[in-house]
Every structure is written in structure tokens, then in C-alpha cells.
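Enquirer: Questions regarding the structure given below will be posed in turn.
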Amino acid sequence: MIKNEISRIIQARQSIYPTQFNGNIIDKATIQQLFANAHCAPSHKLTQPWLFKIFDTTSKQDLLEEIYRINPHYDDTIKSRLQLKFDKSSHVICICMKRHEDKLPEWEEIAATAMAVQNLWISCVDSNVGGYWSSPRFSEHLHSFLKLENDERCLGFFYLGSYDASQAPKRDTSRRATVESKIEWI
Ligand SMILES: Cc1cc2nc3c(=O)[nH]c(=O)nc-3n(C[C@H](O)[C@H](O)[C@H](O)COP(=O)(O)O)c2cc1C
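Residue numbering for the sequence shown follows the numbering used here, beginning at 7 and increasing consecutively.
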């Protein structure tokens, strides 16, 4: 029998968006624990392909400037929306992945990295910490800014912020398909 506590935590995970953040800074011990949990993810041949580049209060503005630089078409409306997202986030994480081309197909390394992100995400449950995975197309253009090697890729951002969990909207499951539609008994 699956432990009820595990099911409750997994079913309580949700995307918390920067508009819901209160702007408070998450303490370093909490951040370290989130990534210690992320790092428990499985990976084929134990390649551990995930790499997380953590931008904090001071460095996140540099990341934002780089986003503007690689997107010269952004107008003031887009820029002020992004600025607000960055201001309200405590930390902005670049989710990266290192390929081991001689060992594994890329999909296995993306899958393992996503499992690490899921560990981080479910670790936010029951705390006043929330976030979501954002995957803008320009992520791939951050390669040199992030000092990534040729065999590394950026798969997007995880915006992390403090929020008041007691005020959070109830998790919306109305748009989810039924579990029955996703399984087939053979
Ligand atoms: C790989 C991945 C990429 C995502 N990219 C985006 C994104 O670019 N923008 C966005 O608003 N949400 C993004 N999301 C969050 C999803 O929209 C969100 O998880 C989904 O709507 C379900 O909501 P929930 O997380 O609250 O269950 C992404 C999620 C995943 C797993």
C-alpha cells in the first residue's frame, strides 16, 4: 500500500507563479535542501545530467539584462512584465543538462533532469515556497552567458519565490484528464 503522506504531497504540488510571490527572500538552508532533494533523482548509468544555475537577488538582474539583449524586439510592456517576475522571485534557476552522448540518448538525460525538477517541485509542498518551470524558446540562446559547454543545454527556468501558502488558491484539477483515460489495463 502506498503511504498516504506521499500521495498527499504529490497531489498537492502545483505551479505557483511570480504574481503570487510576496517578494520575500528564501533562506539559503531551504534552497540547499531543495537542491539536495533534486539531486536524489535517478539517471540511467548514473550520469546525473542535471545542472542548476542559481541566480539570487544580486545576480538575477544580470540574467534579465541578458534576456533583453538576446530579445531586442521586446517592448516596454513585455520588459515590465518580466521585470516584475524577476523582482518578485527570490531566486531564478536555470535548469541545465549535461549530455553524455557516448552513453545515452538525449531523451534519457532530459527525462532524468525533469525528475530532478519534480523532486525540487514536490519539496516545495507544505512550505511557503513555490515556483514553476518556464520554458521560453530563448533558453537555448543563453548558452554563452551561462558558460555552458558544447554538451550542455539550458531547458528553461524555475522561478522560485516565497508566498503565503495559506492564501494560495486551491489546486485546480478541472482541466486535467481523468486518470482512467491515461491507463490501459492489458
Ligand atoms: C517541462 C515544462 C515546461 C513548462 N513550461 C511552462 C511555460 O513556459 N510557461 C508556463 O506558464 N508554464 C509552464 N509549465 C508549467 C505548466 O503549465 C504547469 O505545470 C501545468 O499547467 C500544470 O499546472 P500545475 O503545475 O499547477 O499542476 C511547464 C511545465 C513543464 C513540466
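Don't be surprised by glycine CBs; every beta carbon is placed ideally from N, CA and C.
Using only the alpha-carbon positions, how far apart do Ala35 and Lys9 sit?
Expert: Approximately 27 angstroms, taken between the alpha carbons.
Enquirer: Could you spell out where the beta strand (DSSP E) holding Met103 opens and where it closes?
Expert: Counting along the chain, the beta strand (DSSP E) containing Met103 begins and ends at 97-104.
Enquirer: In terms of DSSP beta bridges, what is Arg75 paired with?
Expert: For Arg75, which the question treats as bridged, DSSP gives no partner whatsoever.
Enquirer: Check each candidate in Ser86, Glu107, Ala118, Phe92 and name the one with the smallest Cα separation from Ala44.
Expert: Closest by alpha carbon: Ala118.
Enquirer: Over the uninterrupted beta strand (DSSP E) stretch that includes Ser21, give me the two end residues.
Expert: From DSSP, Ser21 is part of no beta strand (DSSP E); its letter is neither H nor E.
Enquirer: Look at Leu148 and Glu72 and say whether their C-beta atoms are less than 8 angstroms apart.
Expert: The answer is yes: Cβ separation under 8 angstroms.
Enquirer: What are the partner residues of Lys59, as DSSP defines its beta bridges?
Expert: According to DSSP, Lys59 bridges with Cys100.
Enquirer: I believe Gly137 touches Gly167 by the beta-carbon criterion, under 8 angstroms. Please report the beta-carbon distance rounded to the nearest angstrom.
Expert: Indeed, because the Cβ distance is near 6 angstroms, the residues count as touching under 8 angstroms.
Enquirer: What are the boundary residues of the beta strand (DSSP E) that Glu158 is part of?
Expert: Its beta strand (DSSP E) spans residues 158-168.
Enquirer: Can you tell me whether Gln39 sits near ligand 1, meaning its C-beta is under 7 angstroms from at least one heavy atom of the ligand?
Expert: Incorrect: Gln39 has no Cβ contact closer than 7 angstroms to ligand 1.
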